[in-house]
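**Q** Pasting a structure here, questions to come.
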Amino acid sequence: MENIYPASPIDVPPNLRKPRKSYKQRAILAMVGLSLFVTLYFTLTSWFIWTAYRLFTTPNVEFEGMFIGVLSSFLAVFMVKPLLRVRHSSESKDIEITAKDEPRLFEFIYRLADEAQAPRPHRVFLSPRVNAAVFYDVSILNLFFTSKKNLEIGLGLVNILTLGEFKAVLAHEFGHFAQRSMAVGRWVYIAQQIASHIIHERDALDKFLRVLSRVDIRIAWIGWLLSLIVWSIRSLLETAFRWLLLAQRALSREMEFQADLVAVSLTGSDALVHALHRIHAADDAWDRTLSFASSEMRNNRLVTDLFTIQNHSINKMREILNDQEYGQAPKLPDLEPENHRVFQAAIAESPRMWSTHPSNVDRENNAKRIYVANACDNRSTWDLFANSKQIRLKMTKNLLDGASPSNDAKSVNIQDSLEQFDHQYSRLYLNPLYQGNYLGRSIVGHAASTPELYESSHKNRNLEQDLASLYPESLVDDLEKLRVLESEKASLRALQEGYVKAPEGVIRHRGKTISRLDLPSTIAQVNVELRAVKERILFHDRLCRTTHRRIAVKMGRGWEQYLVGLLEILHYTDHTEANLRDALGYLDNVVGVITADGNVSGKELQRLLVAATEVYQVLALVYEQSSLVKIDANLSQAFDNLTWGEILGSFELVSPDRQNINQWMNIIHNWFGVTINALSALKLEALEQLLKAEEMLSNAYRQSETLETAPDPSQTPEQYSVLLPGKERKRQTRLGWWDRFQTADGLVPQILRLVVAGTIIASVPIAVATLSQ
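Start counting the sequence shown at 27; every next residue gets the next number (our numbering).
Okay, here's the thing in structure tokens:
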């Protein structure tokens, strides 16, 4: 084991792992919050049960007492039923392993747990995920009894991290194993299920109340009374649980910091930071791997080793991004490694109070607050497994079997899968020769029409010089600067509008501290720089299109019309897709606003119908104009020689009305998804064919060759919807006062709702005592 176990640091401060004072404070707050929630819940539940029992067992009880007993029984059932529906999480669909299966891995795990002064895991599971975690069996009994901790090891993580980085990640998890405050998380998990059932779930009891509230007024008042009490209970418990959740998440962040220090004490300050850095690429590659495996499965081809595909995906991204450092551990400087930082602080961040984990910036600063030097062990983590290939194949099969593949699906040789993966990523726009110009950006989204995509001053330009100047290395810098400036602008605007907060309450921009009063002028300066960079990039885009169009004119034989047709298809699909996405986002915003308080009034329903009708018309127009979209032979070939109308299919969605709105809302996302996917596929293929045609034309021009006649050009409708940046449909970003009161959105509405709900609940025992005398 000595040969495989990475060396631990030598000079480790004795108190490095000691929890901070804030850790203990957060733990106390979380326990107080949990105690308040549990006390409130069981007090209300017990009182309703006791009241019903007392009144039903009292001899010669009068009608008022019997009536109150019935109401109390109803409320007791309402409070008790969540306890019966707490989900048990004792079963895992992952692969459990034992020391007999993997002796070397378990020896590694046990030694690491002992060094971390943590209990050894009760059970160990292998999952396919990019993850490592501690989890435990959870049931209602765990409110009173402890639960043994299990360890999950994600092979998507094992596959990417070095042995030293993997040791750091597991050491972090064993830091959690040793934390007694982990019990708070288990209790909060159970409390969350209880609160969720009471606050959000609507079942037969709620249906009964609605029916009761709509009958004759002589009976309906009973439903109104019960509904008011139920609303008050839900409001009180939601507020109590919200406070509990805030306290628990604050504790969770402290627990992460302390677990990180356990990892630092056993692996040094750099290994964990490097692991955090590499996980981003691992996650991205795993998502691509699953997407590829899913597409292969639809074609009855089963990938045999997902983890080989994951590695290959990272290598492919290095090639596409022209970045050999992508997914690699950052190199440490020879001097002052303790001052080296991998993660950079953002200008703004979402409010931390709802976060369970600190930011990577904070975690790195915490890990290097007291710097512990230690050499990184770069061996493969697979060395811990007795038969890594067998494990990879077994996990792949286990994951794919869970997706229920067709009986006709056959396993494919891994080499064939790699070739198919490369084929999917062989698109010309991914070629590094284009300097990333077509990655993650639209070249037509800013233009209201295709003529704007050409350079008007081309007549006085030298064609040979323009052709030679395309895609310079400086374009990479401009594109990176564009992304940085757009991110800066978005962060500054979000700060200005109050959507996010500055880290530690201090706004830092480009190394300088600025005040909120400086935000308008800072944003204006960023806009000036952004416009300059955008214009350079857009000029280059226009130069690309214009230069190749001029070559096409010289070549003749319909090549100019062919290029223009492809650009028109690209423009049409890009703007139509953007318009659909914006319309659906607008509808989702309306739905979110009108359902925020859990009820939809007649006025709100009418608002939904207006929005749904607008969205329906946007979608219907795409299908109405499908016959006016003509795709050329090369585009059609990529879609099995179908026309655009055949690719889209028939439009059978009916318009929304009051009678069908529920069913309509259930299917509208599917309709939009199918249509957007078709538009996106045609958009990418149009870009691909445009670049192929431009490459062919430029090569022929350089070599003085002639070309065959171009295919008949594509065509688009003379008029179609265009969505320019900044012209998106307006969203409602703030609820009205009544909805804010109902949802306790903000401090004042939260206090008002708490006072009203508390007053109603407090008056119930008084009313019961008065009526039952």
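We put the CB at the ideal spot given by N, CA and C, even for glycine.
Going by Cα to Cα distance, which pick from 59, 403, 480 is closest to residue 268?
**A** Against the sequence shown, residue 268 aligns to sequence position 242. Measuring from the Cα of residue 268, the nearest candidate turns out to be 59.
**Q** Ordered along the chain, which non-local residues of its own chain (more than five positions away) have a Cβ less than 7 angstroms from that of residue 578?
**A** Taking the sequence shown and counting its residues from 1, the one referred to as residue 578 is at position 552. Contacts found: 585, 586, 589, 723.
**Q** On the criterion of 16 or more Cβ atoms from any shown chain inside 10 Å, does residue 734 qualify as buried, or is it exposed?
**A** Numbered from 1 along the sequence shown, position 708 holds the residue referred to as residue 734. With fewer than 16 Cβ atoms within 10 Å of its Cβ, residue 734 is classed as exposed.
**Q** Quick one: which unbroken alpha helix (DSSP H) runs of 4-plus residues sit fully inside the region 613-688? Chain order, please.
**A** Counting only runs of 4 or more, we get 628-650, 659-663, 670-674.
**Q** How many whole angstroms separate the CB atoms of residue 637 and residue 616, which I take to be in contact at a CB cut-off of 8 angstroms?
**A** Here residue 637 refers to the residue found at position 611 of the sequence shown. Here residue 616 refers to the residue found at position 590 of the sequence shown. That belief holds up - the Cβ atoms of residue 637 and residue 616 are roughly 4 angstroms apart, short of 8 angstroms.
**Q** Under 9 angstroms between the Cβ atoms of residue 178 and residue 192?
**A** Taking the sequence shown and counting its residues from 1, one reaches residue 178 at position 152. Taking the sequence shown and counting its residues from 1, one reaches residue 192 at position 166. For residue 178 and residue 192, no; Cβs fall outside 9 angstroms.
**Q** For a minimum of 4 consecutive residues, which ranges assigned as the alpha helix (DSSP H) are wholly contained in the region 422-481?
**A** You should have 440-450.
**Q** Where do the ends of the beta strand (DSSP E) carrying residue 534 lie?
**A** Taking the sequence shown and counting its residues from 1, one reaches residue 534 at position 508. It spans 533-535 - the beta strand (DSSP E) in which residue 534 sits, taken as one unbroken run.
**Q** Put residue 411 into one of helix, strand or coil per three-state DSSP.
**A** The residue given as residue 411 occupies position 385 in the sequence shown. Coil, per DSSP.
**Q** Ordered along the chain, which non-local residues of its own chain (more than five positions away) have a Cβ less than 7 angstroms from that of residue 600?
**A** Counted from its first residue, the sequence shown places residue 600 at position 574. These residues qualify, in order along the chain: 468, 470, 471, 709.
**Q** Would you mind reading off the limits of the alpha helix (DSSP H) that contains residue 582?
**A** Working through the sequence shown from its first residue, we reach residue 582 at position 556. Segment: none, residue 582 is in no alpha helix (DSSP H) and carries neither H nor E.
**Q** Does residue 727 come out as helix, strand or coil in the three-state DSSP assignment?
**A** Taking the sequence shown and counting its residues from 1, one reaches residue 727 at position 701. Looking at residue 727 - three-state DSSP - the assignment turns out to be helix.
**Q** State the DSSP-derived secondary structure class of residue 692, mapped to helix, strand or coil.
**A** As a first step, residue 692 must be located in the sequence shown, where it is residue number 666. It is helical.
**Q** Would you list the residues sitting across from residue 162 in a DSSP beta bridge?
**A** Here residue 162 is taken as the residue at index 136 of the sequence shown, counted from 1. For residue 162, which the question treats as bridged, DSSP gives the partners 175.
**Q** Here's a check: name, in chain order, each residue in its chain whose Cβ is nearer than 7 angstroms to the Cβ of residue 74, leaving out the five neighbours to either side.
**A** Translated into positions along the sequence shown, residue 74 becomes position 48. Excluding positions up to five away in sequence, the list reads 98, 101, 102, 105.
**Q** So, at 7 angstroms on beta carbons, what are the nonlocal neighbours of residue 431 in its own chain, with the 5 sequence-adjacent residues on each side left out?
**A** Numbered from its first residue, the sequence shown carries residue 431 at position 405. Excluding positions up to five away in sequence, the list reads 323, 328.
**Q** Would DSSP call residue 611 helix, strand or coil?
**A** For the purposes of this step, residue 611 is taken as the residue at position 585 of the sequence shown. If DSSP states are grouped into helix, strand and coil, residue 611 belongs with the helices.
**Q** Exposed or buried, what is residue 190 when buried is set at 16 or more other beta-carbons lying within 10 Å of its beta-carbon?
**A** Counted from its first residue, the sequence shown places residue 190 at position 164. It is buried - the Cβ of residue 190 has at least 16 other Cβ atoms within 10 Å.
**Q** How many angstroms separate the CA atom of residue 32 from the CA atom of residue 403?
**A** Along the sequence shown, read from residue 1 onward, the residue named residue 32 stands at position 6. Along the sequence shown, read from residue 1 onward, the residue named residue 403 stands at position 377. Rounded to whole angstroms, residue 32 to residue 403 spans 6 angstroms at the Cα level.
**Q** Which partner residues of residue 153 appear in the DSSP bridge assignment?
**A** Position 127 of the sequence shown, counted from the start, is the residue given in the question as residue 153. Note: residue 153 sits in a beta bridge opposite 180.
**Q** Considering only the beta carbon of each residue, do residue 289 and residue 156 sit closer than 9 angstroms?
**A** Within the sequence shown, residue 289 is the residue found at index 263, counting from 1. Within the sequence shown, residue 156 is the residue found at index 130, counting from 1. Against a cut-off of 9 angstroms, the Cβ pair of residue 156 and residue 289 comes out as no contact.
**Q** If you pair each beta-carbon of the region 523-543 with each one of the region 361-373, do three or more pairs fall below 8 angstroms?
**A** Yes, the region 523-543 touches the region 361-373.
**Q** With a threshold of 8 angstroms on Cβ separation, who are the neighbours of residue 284 within its own chain once the five nearest residues in sequence on each side are excluded?
**A** Locating residue 284 in the sequence shown gives position 258, counting from the first residue. So the list reads 43, 45, 46, 49, 201, 205, once near-sequence residues are dropped.
**Q** For a test of the three-state rule: what should DSSP assign to residue 123, helix, strand or coil?
**A** Locating residue 123 in the sequence shown gives position 97, where the first residue counts as 1. Three-state result, residue 123: strand.
**Q** So, does the region 671-682 touch the region 752-762, judging by three or more C-beta pairs under 8 angstroms?
**A** No, they do not touch.
**Q** For residue 314, tell me which candidate among 423, 234, 444 has the shortest Cα-Cα distance.
**A** Stepping through the sequence shown from its first residue, residue 314 is reached at position 288. The residue with the shortest Cα to Cα distance from residue 314 is 444.
**Q** Does the count of Cβ pairs from the region 689-697 and the region 650-660 closer than 8 angstroms reach three?
**A** Taking 8 angstroms as the limit for Cβ pairs, the verdict is that the region 650-660 does not touch the region 689-697.
**Q** Measure the beta-carbon distance from residue 563 to residue 505 and round it to whole angstroms, keeping in mind my assumption that it falls under 8 angstroms.
**A** Taking the first residue of the sequence shown as position 1, residue 563 is located at position 537. Taking the first residue of the sequence shown as position 1, residue 505 is located at position 479. The Cβ separation is near 7 angstroms, so the contact holds.
**Q** For the alpha helix (DSSP H) that residue 23 lies in, which residues bound it at each end?
**A** The displayed coordinates of the chain run from 27 to 799. Any statement about residue 23 would go beyond what the structure contains.
**Q** Considering only residues of the same chain and omitting the five flanking positions on each side of residue 475, which have a CB-CB separation below 8 angstroms?
**A** The count along the sequence shown starts at 1 and reaches residue 475 at position 449. Contacts found: 597, 748.
**Q** On the premise that residue 308 lies in contact with residue 186, defined as a C-beta separation below 8 angstroms, what is that separation, rounded to the nearest angstrom?
**A** If you number the sequence shown from 1, residue 186 lands on position 160. If you number the sequence shown from 1, residue 308 lands on position 282. With 8 angstroms as the limit, residue 186 and residue 308 qualify as a contact, their Cβ atoms being about 4 angstroms apart.
**Q** Compute the distance between the beta-carbons of residue 595 and residue 661, then report whether it is under 9 angstroms.
**A** As a first step, residue 595 must be located in the sequence shown, where it is residue number 569. As a first step, residue 661 must be located in the sequence shown, where it is residue number 635. Taking 9 angstroms as the Cβ cut-off, residue 595 and residue 661 qualify as a contacting pair.
**Q** What first and last residue would you give for the alpha helix (DSSP H) that runs through residue 3?
**A** The requested residue 3 does not occur in the structure, where the chain is confined to residues 27 to 799.
**Q** Exposed or buried, what is residue 175 when buried is set at 16 or more other beta-carbons lying within 10 Å of its beta-carbon?
**A** Walking along the sequence shown from the start, residue 175 turns up at place 149. Counting Cβ neighbours within 10 Å, residue 175 comes out buried, since at least 16 surround it.
**Q** Less than 9 angstroms between the C-beta atoms of residue 397 and residue 717, yes or no?
**A** To locate residue 397, count along the sequence shown from 1; it is residue 371. To locate residue 717, count along the sequence shown from 1; it is residue 691. In this structure, residue 717 does not lie closer than 9 angstroms to residue 397 by Cβ.
**Q** Give every residue of the same chain whose Cβ lies closer than 6 angstroms to the Cβ of residue 153, excluding the five residues on either side of it in the sequence, and list them in chain order.
**A** As a first step, residue 153 is located in the sequence shown; it is residue number 127 there, counting from the start. Closer than 6 angstroms at the Cβ level, and outside the excluded window around residue 153, lie 120, 178, 180.
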